[in-house]
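Shown next, in C-alpha cells, is the structure this report addresses.
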Amino acid sequence: MPTCRRCRSSSRWANFLSQLRYLPLTGITFYLAMIVSDARTMQVWVLVVFMSLYFITSLLGVIRDIPQEEIDHARSLGCSRWEVLMEVVIKGRLDYVIEVLRQNLAITWMMLVTVESILVAAGGLGVLIKNSDRFMNHGRILALQIVILLVGLGIDQFLNYMRKVLFRYSRI
Amino acid sequence: MPKPHYETKSPVLKVEDLSVAYDGKTIIKDINFTECDTVRDGKEQGQTIAFVGRSGRGKSTLFRALSGLEVPTTGKVLVADYANFKGNGDEIPLKAVHEGDVGFVDQKYTLFRHKTVMQALHFAMRKSKESEKEKADKIAAALTAWGLENVKNQYPNELSGGQRQRTAILEQLLSSGTFIILDEPFSGLDVGNIESVKRAFDLICSSHELNTILFSTHDIELAIELADSIHVLGYPSLPGGGHASHGTILKHFDLKELGLAWSGGLNGDHLELAREIKAVMLGS
Ligand SMILES: Nc1ncnc2c1ncn2[C@@H]1O[C@H](COP(=O)(O)OP(=O)(O)OP(=O)(O)O)[C@@H](O)[C@H]1O
Ligand SMILES: [Mg+2]
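Here the protein sequences come in this chain order: A and B.
Using my numbering, the first residue of the first sequence is number 901, and each one after it goes up by one.
Using my numbering, the first residue of the second sequence is number 7, and each one after it goes up by one.
So this is what it looks like as C-alpha cells:
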C-alpha cells in the first residue's frame, strides 16, 4: 500500500476500533446505558456498535488483500495518491463492501435475538421466544425461528442479487 | 543479406550506475546503458529493446526502476523529455523518470477491474489536452486497429487473456505516449496470440519514430527476431570463481550493428547469435 501519513494514522485508528470487537456484549451495554436510557434505542445501538466494529475489521481485510499490481497499474497511468485511493481502493472495491455488509448482517441478524433477550424491556422476537420457552409453547418457537430464518435469508439473497446487478464485473 | 542502412540520433533512454536493493539486499547493480533514437530512410522506425536472463536475475526489478515505480537505491534513469523538445535537429533533452512517464504492462495484464475497455481507455487519456471529440476519435481508431471493437463495453473479467493484454498495452500507449515496457508479454500465449503481439509491436514501432518498446522474454529466438538491441542479465562471475548474487547486464548485442535487425525472420546468423546468448546465460 502506498503510505502517506494520513493513511497510516487512519489505518491505526481503524485497527484500534477493530480490536474493540473483543469487548463483551454486556460490557458495551453498560457504557451505552450511560448515554441512552430508552430500551429500544439501546437495542439498536448495541447492534450498530457491534456491526460497525466487525464491518471495519472486514474492510481492513479487503484493503490489505489488494494486490500490489493493481496499485502499480494505477501508478503507471500517472494516478496521484488520491486517484489510487479513489480508483483502486474505493471504486475498485465497492462490490466487496456490499459483500462484507452481507456477511456482517448475517452475524447481526443472529445477534438481534440475543440482544433482545438481554434487554428484555423493549420486547421483540427474542423476548417472544424466551416467553414461549417458559410456557412450553414449542409450536410458537418453531414458527418464530422459521420467520427469523426466512427474513434473514431474504435480506441475504437481496444483497447478493444487488451486488451482481450493480456490479457486473463482480465475481467474488 | 545487405545490412539495412540506419543512423542513430540522440539518446532516448540513459541508465547510469543503477542499483536497486530491497531491505538492504542488492537485487541489481552496476546497470549502465544508453539507447538512441534510430532513424531509417523512408520508414518510421521505433526502437525495440529486449532483456533476457534466467529467472530471478532481476528483469522485473529493472523494469520497475525503469518505469519509475521503484526508486533506485543508487544511480539514475533518464528518459527523453519530449514535452521540452524544441524540434528537429536539436538534441532531445533528458529528465529523470517519474511514474506515469513510461507505460508498464505487468505479466498479469492488470487492469482496473471496475472499468470496461472503453472506460479504461478514456481514463488513460484523462490528462491529455485534446478535445473530447479528438479523444473519442483516437480511441475509436485504436479499438479497431487492435481488434477490440467488439469487446469495448466489457469488463476485464469478461475478456480473454489476449484481449486483456491488448487493452493493457493500448491503455499505456494512450497514457504515456512513446515509451512502453512489457514484462514477459509472450508468456502463456498460444501461437496465434504471439503473432498478434508481434503485430502490435510492429504497429507501435511503425507509428512513430520515437516509440520505444522494452520487453523481457525467456524465448531467445523471439527476442532476436523482434529486437534491434538485446541486453543479457545475469549474475556476474567473481574474480576468485563463483557468482555474485545480484543481477547486472553481462552483455549487450546491438543487432542493428550486427546487421541482424529488421530481417523479418531467422537465418543462420541469427541462430548463431541465439547460441551465443544462451551460452552467456548458462554461465551466469
Ligand atoms: N519486493 C521484493 N522484496 C524482496 N525481494 C524481491 C522483491 N521482488 C523481487 N525480489 C527478489 O529479487 C530477485 C529478482 O527478481 P525479479 O522478479 O526481478 O527477477 P526476474 O528476472 O524478473 O525473474 P523471472 O524471469 O522469474 O520473472 C529475486 O531473487 C527476488 O526474490
Ligand atoms: Mg520477472
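Ideal Cβ positions, reconstructed from N, Cα and C, are used throughout, including at glycine.
Going by beta carbons, F259/B and A56/B fall outside the 7 Å limit. Contact between the stretch 177-195 of chain B and the stretch 105-112 of chain B is established, with three or more Cβ pairs separated by less than 8 Å. Annotation for I226/B indicates a beta carbon at 6 Å or more from all heavy atoms of ligand 1. Taking C-alpha positions only, H104/B is separated from R1071/A by approximately 34 Å.
Set against 6 Å, the gap from the CB of K114/B to the closest heavy atom of ligand 2 is not smaller.
Within the stretch 88-168 of chain B, the complete alpha helix (DSSP H) runs of at least 4 residues fall at 123-130 and 138-151. Just so you know, the alpha carbons of G168/B and V988/A end up roughly 23 Å apart. At the C-beta level, L1028/A and L1044/A come within 7 Å of one another. Taking a contact as a CB-CB distance under 8 Å, the pair A206/B and I175/B counts as one, their CB atoms being some 6 Å apart. Taking 8 Å as the upper bound on Cβ-Cβ separation, chain B lies near residues P967, E969, E970, D972, H973, A974, R975, S976 and L977 of the stretch 965-977 of chain A. Using a CB distance cut-off of 7 Å, E190/B does not count as an interface residue toward chain A. Put simply, the residues with a CB less than 6 Å from any heavy atom of ligand 1 are Y28/B, I33/B, G59/B, S61/B, G62/B, R63/B, G64/B, K65/B, S66/B and T67/B, in chain order. At a Cβ-Cβ threshold of 7 Å, V286/B and K257/B count as neighbours. If you draw a straight line from the Cα of K82/B to the Cα of H120/B, it comes to about 35 Å.
For the stretch 149-163 of chain B, the set of positions with a beta-carbon nearer than 8 Å to some beta-carbon of chain A reads Y161, P162 and N163 in chain order. DSSP lists no beta-bridge partner residue for S212/B.
Its chain contains A1022 as the residues whose beta carbon lies nearer than 6 Å to that of R940/A, once the 5 sequence neighbours on both sides are disregarded; these appear in chain order. For Q171/B, the closest of N156/B, S202/B and E155/B by C-alpha to C-alpha distance is S202/B. Residues of chain B with a Cβ closer than 7 Å to the Cβ of K991/A are, in chain order, H120.
Contact of Y1069/A with chain B by beta-carbon distance below 8 Å involves R119, H120, Y161, P162, N163 and E164. From the beta-carbon of E136/B, no residue of chain A is found nearer than 8 Å; the closest lies around 16 Å away.
Under the three-state reduction of DSSP output, Y1061/A falls in the helix class. Counting C-beta pairs closer than 8 Å gives three or more between the stretch 908-923 of chain A and the stretch 955-973 of chain A, which meets the contact rule. Taking C-beta separations shorter than 6 Å and ignoring five residues to either side along the sequence, the partners of G265/B in its chain run K9, following chain order. DSSP lists P17/B as the beta-bridge partner residues of C42/B. Scanning the stretch 942-1004 of chain A for uninterrupted alpha helix (DSSP H) segments of 4 residues or longer gives 968-976 and 981-984, listed from N- to C-terminal end.
Below the 8 Å Cβ cutoff, chain B contributes no neighbours of E999/A, its closest Cβ being approximately 14 Å away. Contact annotation for A142/B against chain A: no contact, minimum CB-CB distance about 19 Å [criterion: below 8 Å].
Here T67/B carries a helix assignment [DSSP, helix/strand/coil]. In the pairwise beta carbon analysis, the stretch 59-72 of chain B is classified as touching the stretch 232-241 of chain B: at least three pairs are separated by under 8 Å.
At a beta-carbon threshold of 8 Å, the residues of chain A lying near S73/B are S976, ordered along the chain.
Going by DSSP, G81/B is part of the beta strand (DSSP E) stretching over T80 to A86. By the Cβ neighbour-count rule, R63/B is buried, with 16 or more other Cβ atoms within 10 Å of its own.
For E177/B, the closest C-alpha among the options R975/A, V1013/A and A1006/A is that of R975/A. Counting only Cβ-Cβ distances below 8 Å, E105/B has contacts in chain A at R975, S976 and G978, in chain order.
For a Cβ distance threshold of 8 Å, residue set S976 of chain A lies close to G109/B, ordered along the chain.
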